[in-house]
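Numbering (UniProt numbering), first residue to last: 1 to 347.
What follows is one structure encoded as structure tokens, with my remarks underneath.
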Amino acid sequence: MLVALLPGDGIGPEIITQARRVLDALAIEGLVYEEALVGGVAYKAVGHPLPPATLDLARRADAILFGAVGDPDCDALERHLRPEQAILGLRKELGLFANLRPAKMFAELADASTLRPEVASAIDLMIIRELNGDVYFGEKAMRTTADGQREGYDIMSYNEGEVRRIAHVAFRTAQARRGRLCSVDKANVLETSQLWRDVMIETAADYPDVVLSHMYVDNAAMQLVRNPGQFDVIVTGNLFGDILSDQASMCVGSIGLLASAALDGAGKGLYEPIHGSAPDIAGQGKANPLATVLSAAMMLRYSLGLPDQADRIEAAVARALAGGARGADLGGTMSTAQIGDAVVAAL
Ligand code: NAI
Ligand code: MG
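Written out as structure tokens, the structure reads:
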């Protein structure tokens, strides 16, 4: 099994180093790593943020563990050469259409949330956001109307194949969790949402062990802060998922804790922390590596068929946090490497 390591910019190399240490501590047989340049560091070395050799490695690999991209030195570059284009290019080139973002409150950190501890402590949910369709990819233009006003439009569309493939990912994810799937849409107003809801209901027939419910997106936004503990798996479109996943993820404390996966539905995935390259703290040993460590756990679960090893990492992170492994982002004093030490020790 080949894992592509793409550390990238800023804190990327520091956090990937710690994730690699944790993976090494599991001593998994047959796992090999190959590293490549991505982002600003790739632009500086070879003139492109996603060089052909990197894309080739990503295609060959069974899974990709990604740090972050983004470099203030590159701010003045044309858009297609900017580091951030690398992650968009990888998602598109590899057909990574299913974005999984778990948000779980570690009991020891309930005080770190902006929600009341008794509300926050119940959070253990997974948002599944469709990544390749919706209003982001429909026809869009800026035009001038007959009476001379500027007008912008973006067409929102989904076809049933696009909805069905994300539905299967969502139902299977719910099966592996607590068996509850909430589909979020705006079916009272939007045709795309009516199709979304119809296809979810049709797909449910294949998964009799999963309880499917539906919620309008405006209500979902409210429920996520009112009573987030009610959710197990949420599945939604690209636009609603963009907003709701950021909202849900911040309910659990630090951005340095949040992992994600982008899957192609055939086993391949790109795994990365949801945060960026954090240039303000890069090179100072202040980055929290746990989001990346937890992304590595997702990689073992979803791409490498090693759910037990994934569970071990997640349990070790919980034990490390219980033992006080907190960096500056959580009001503690531990360095990036010390947090890595704590997870390895807990393993
Ligand atoms: P950011 O997520 O890099 O940082 C936001 C704030 O959170 C900063 O104060 C940072 O120090 C802190 N932070 C982030 N990760 C942390 C960690 N692991 N431990 C402790 N603190 C952490 O977002 P920002 O500043 O908006 O963007 C910086 C660069 O990253 C930009 O170039 C942006 O385009 C890029 N970016 C890249 C992403 C990716 O590679 N997928 C995602 C988001 C942003
Ligand atoms: Mg977002």
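Glycine included, each C-beta is placed from N, C-alpha and C at the ideal position.
Restricting to Cα atoms, I'd like to know which of GLY152, LYS268, ASP246, GLY269 is closest to LEU258.
ASP246
Answer with buried or exposed for ASP154, where buried requires no fewer than 16 other C-beta atoms within 10 angstroms of its C-beta.
exposed
Check whether the Cβ atoms of ASP39 and ALA86 sit closer than 8 Å, and answer yes or no.
In the sequence as presented, Asp is not what sits at residue 39; that position holds Gly. Yes, these two residues count as a Cβ contact at 8 Å.
Could you check if LEU81 is buried or exposed, using at least 16 other CB atoms within 10 Å of its CB as the buried criterion?
exposed
Return the chain-ordered list of same chain residues with a C-beta closer than 7 Å to the C-beta of VAL317, the five sequence neighbours on each side being excluded.
LEU290, VAL293, LEU294, VAL343
Can you tell me which of the three DSSP states CYS182 falls into?
strand
Three-state secondary structure (DSSP) of SER213:
strand
For the structure I just gave you, are there three or more beta carbon pairs, one from the region 236-244 and one from the region 200-213, closer than 8 Å?
no
Taking one C-beta from the region 138-149 and one from the region 168-175 each time, how about it: are there three or more such pairs within less than 8 Å?
no
Return the CA-CA distance between ASP24 and TRP196, expressed in angstroms with no decimal places.
42 Å
Could you give the residue range of the beta strand (DSSP E) that holds VAL233?
233-236
Would you say the beta carbon of ILE313 comes nearer than 7 Å to a heavy atom of ligand 1?
no
Round the Cβ separation of ALA261 and GLY269 to the nearest angstrom and send it over; I've been treating them as touching at under 8 Å.
5 Å
On the DSSP bridge list, what partners appear for SER260?
GLU272
Look at the alpha carbon of ALA68 and the alpha carbon of PRO7, and state the distance between them as a whole number of angstroms.
7 Å
Beta-carbon separation of residue 371 and ARG180 under 8 Å?
Since the first residue shown for the chain is 1 and the last is 347, residue 371 is missing from the structure and cannot be characterised.
Proximity to SER303 [Cα-Cα], best of GLU34, LEU212, ASP62
ASP62
On the three-state DSSP scale, how would you describe PRO289?
Collapsing the DSSP output to three states places PRO289 in coil.
For VAL38, does the three-state DSSP call read helix, strand or coil?
coil
Other residues of its chain near SER213: CB distance less than 8 Å, five sequence neighbours each side excluded:
ARG180, LEU181, CYS182, SER183
Could you give the residue range of the beta strand (DSSP E) that holds PRO7?
2-8
For the putative contact between LEU57 and ALA36, defined by C-beta atoms under 8 Å, what is the C-beta separation to the nearest angstrom?
5 Å
Quick one: using the 10 Å Cβ neighbour count with 16 as the cut-off for buried, is PRO307 buried or exposed?
The residue is exposed, with fewer than 16 neighbouring Cβ atoms inside 10 Å.
Using beta-carbon positions only, say whether GLY256 and GLY331 come within less than 8 Å of one another.
no
So, with DSSP's three-state summary, where would you put TYR158?
Coil at TYR158, not helix or strand.
Under three-state DSSP, which class holds TYR153?
Shown here, TYR153 sits in a strand according to DSSP, grouped into three states.
Expressed to the nearest angstrom, what Euclidean distance is found between the alpha-carbon atoms of ASP242 and ARG178?
23 Å
Heavy atom of ligand 1 less than 7 Å from the Cβ of ILE64, yes or no?
no
Label MET299 either buried or exposed according to how many other C-beta atoms from any shown protein chain fall within 10 Å of its C-beta, with 16 as the threshold for buried.
buried
Just to confirm, are ILE16 and LEU5 a CB contact at a threshold of 8 Å?
A contact, by the Cβ cut-off of 8 Å.
Could you check where the alpha helix (DSSP H) with MET200 kicks off and where it finishes?
191-204
In angstroms with no decimal places, state the Cα-to-Cα distance between PRO52 and GLU34.
15 Å
Can you have a look at GLY143 and say buried or exposed, based on whether 16 or more other CB atoms are within 10 angstroms of its CB?
It should be noted that the sequence gives Arg, not Gly, for residue 143. Classification of ARG143: exposed, given that the 10 Å Cβ count is below 16.
Once the 5 residues before and after LEU109 are set aside, which same chain residues still bring their CB inside 6 Å of it?
Excluding its 5 nearest sequence neighbours in each direction, LEU109 has C-beta neighbours in its own chain below 6 Å: GLY253, listed in chain order.
Sorted by chain position, which residues of the same chain lie with C-beta nearer than 8 Å to GLN18's C-beta, five sequence neighbours on each side aside?
The answer, listed in chain order, is PRO289, THR292, VAL293, THR336, ALA337, ILE339, GLY340, VAL343.
Beta-carbon spacing of ALA346, ALA310 below 8 Å:
no
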